[in-house]
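Numbering (our numbering), first residue to last: 118 to 259.
1. Rounding to the nearest angstrom, what Cα-Cα distance links residue 195 and residue 170 in this structure?
2. Please report the distance separating the alpha-carbon of residue 222 from that of residue 209.
3. Are residue 150 and residue 131 touching if we call contact CB-CB under 8 Å?
4. Among the residues of its own chain, which have a CB less than 8 Å from the CB of residue 124, if the five just before and after it don't count?
5. Taking Cβ to Cβ, would you say residue 156 is nearer than 8 Å to residue 192?
6. In this structure, what does DSSP give as the bridge partners for residue 135?
7. Where residue 230 and residue 185 are concerned, what is the direct C-alpha to C-alpha distance, given to the nearest angstrom?
8. Out of curiosity, what's the CA-to-CA distance linking residue 179 and residue 189?
9. Count the other CB atoms within 10 Å of the CB of residue 182; is the residue buried (16 or more) or exposed (fewer)?
10. Would you list the residues sitting across from residue 219 in a DSSP beta bridge?
11. With a cut-off of 8 Å on the beta carbons, I'd call residue 202 and residue 140 a contact; round off their distance for me.
12. In three-state DSSP terms, what is residue 230?
13. Which whole-angstrom value is the C-beta distance of residue 206 and residue 135, which I expect to be below 8 Å?
14. CB residue 187 to CB residue 237, shorter than 8 Å?
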């Protein structure tokens, strides 16, 4: 399914999760963040501060459990540095190129299996993307 940059942008949760690209959202397991989810401390914090997400918060990164996830920290920092539209644009391009937010079977996605925030940022921005092309030795033998 193809998503527009605006659809992806609107689905980015306060904490940096991307509901449009998440299998739990597609399957109906997750209600989504901004409209329907109750009891989220990050959502309550953002609403109390009058901000649209943690990318607008001076206290980011804080001690919230969601920020133990490297992917969430990278996505929020990208939105903070470059804007939410840029983050959504990167995510759309990667999605179209086959970079998986989550695997269909529910296992960790391509962003989650990387070891460092810098590797996640490189994949997000498609710098040194291991999924972009086959190495020369593989294509020479086809």
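For each residue, glycine too, the CB sits at the ideal point set by N, CA and C.
It should be emphasised that the depicted structure is a prediction, and the values quoted were computed from it without experimental measurement.
So, from the data block:
1. 12 Å
2. 21 Å
3. yes
4. 137
5. no
6. 129
7. 14 Å
8. 12 Å
9. exposed
10. 225
11. Going by Cβ atoms, the distance from residue 202 to residue 140 rounds to 24 Å, so no, they are not a contact pair.
12. coil
13. Rounded, the Cβ-Cβ distance is 13 Å, inconsistent with contact.
14. yes
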